[in-house]
Amino acid sequence: DAGITQSPRHKVTETGTPVTLRCHQTENHRYMYWYRQDPGHGLRLIHYSYGVKDTDKGEVSDGYSVSRSKTEDFLLTLESATSSQTSVYFCAISESYTGTSGTNEQFFGPGTRLTVL
Amino acid sequence: GIQVEQSPPDLILQEGANSTLRCNFSDSVNNLQWFHQNPWGQLINLFYIPSGTKQNGRLSATTVATERYSLLYISSSQTTDSGVYFCAVVGLGDDMRFGAGTRLTVKP
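Next comes the structure, spelled out in structure tokens:
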């Protein structure tokens, strides 16, 4: 199994509070991703990173920010959590993005269940 | 972005039965993956298959990229196969897009 951990695994917070989720990998992969999963949907991309300090937006990035100060860590921050951000958050990693320099197969962490009251 | 459709949305089988899950996508892809999300929520990689055919035990997958579809075959199903199966694709210059999934229930 790919070495990906997420913390915390469960969190309950109140509307308006800041929340930071952490993804840690031991595979030294260049690309890291944050997704959210909601009932009735597959996963949707929030943000991704293509290297240290290099990030870009995904399909559902509003209300989220990310940071990557080390290859192994990718942080997702909700500056002021809202009830619509109640979801399960998954982190993923891959060697490559396009598949031209290594495989772009993505491997997923165990997920973080976030509830915003 | 690229559209991904999976069928059927729900599937109920008796243990030992075979099944075929389908994934249609709307544009060229350079990545197609099949995942199994188990009842504990973990996403398990089944196949990385942007084209061609692969087999792993009782599971096999075929992607016909020119016709924009992929099939996942499950033979001799077991109760542990229950869960949601996702197809996910990466279009050229695009992000990974997931289908809505097929929920499989295997009854003993």
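First to last, the protein sequences are chains A and B.
Just so you know, we're using my numbering here: the first sequence kicks off at 388 and counts up by one.
Just so you know, we're using my numbering here: the second sequence kicks off at -4 and counts up by one.
In this text, a Cβ means the ideal position worked out from N, Cα and C, and glycines have one as well.
Partner residues in the beta bridge of B/GLN28, as assigned by DSSP, are B/TYR43 and B/ALA83. At a Cβ-Cβ threshold of 8 Å, A/ALA479 and A/VAL406 do not count as neighbours. Closer than 7 Å at the C-beta level to chain A, one finds these residues of the stretch 42 to 58 of chain B: TYR43. A/VAL475 has its alpha-carbon roughly 17 Å from the corresponding atom of A/GLU466. At a cut-off of 8 Å between C-beta atoms, A/PRO395 does not count as an interface residue with respect to chain B.
Cβ contact annotation for B/LYS102 (same chain, cutoff 6 Å, sequence separation greater than five): GLN9, in chain order.
Neighbours of A/GLY427 in chain B, taken as residues whose beta carbon is under 8 Å from its own, are ALA95 in chain order. Only residues of its own chain outside the window of five on either side were considered, and among them SER394 and LEU462 have a CB closer than 6 Å to the CB of A/ARG409, listed in chain order.
Closest in C-alpha terms to B/GLY(-4), from the list B/ALA60, B/GLY11 and B/GLY94, comes B/GLY94. With three or more CB-CB distances shorter than 8 Å, the stretch 58 to 77 of chain B counts as touching the stretch 33 to 46 of chain B. The Cβ atoms of B/LEU87 and B/SER23 sit closer than 8 Å to each other.
Within the DSSP secondary-structure output, A/THR499 pairs in a beta bridge with A/TYR476.
Nearest Cα to A/HIS416 within the set A/HIS434, A/GLY390, A/SER448 and A/VAL453: A/GLY390. Comparing alpha-carbon positions, the option among B/ILE7, B/GLN(-2), B/VAL(-1) and B/ASN13 lying closest to B/SER71 turns out to be B/ASN13.
When Cβ-Cβ separations below 8 Å define contact, B/LEU38 makes contact with chain A.
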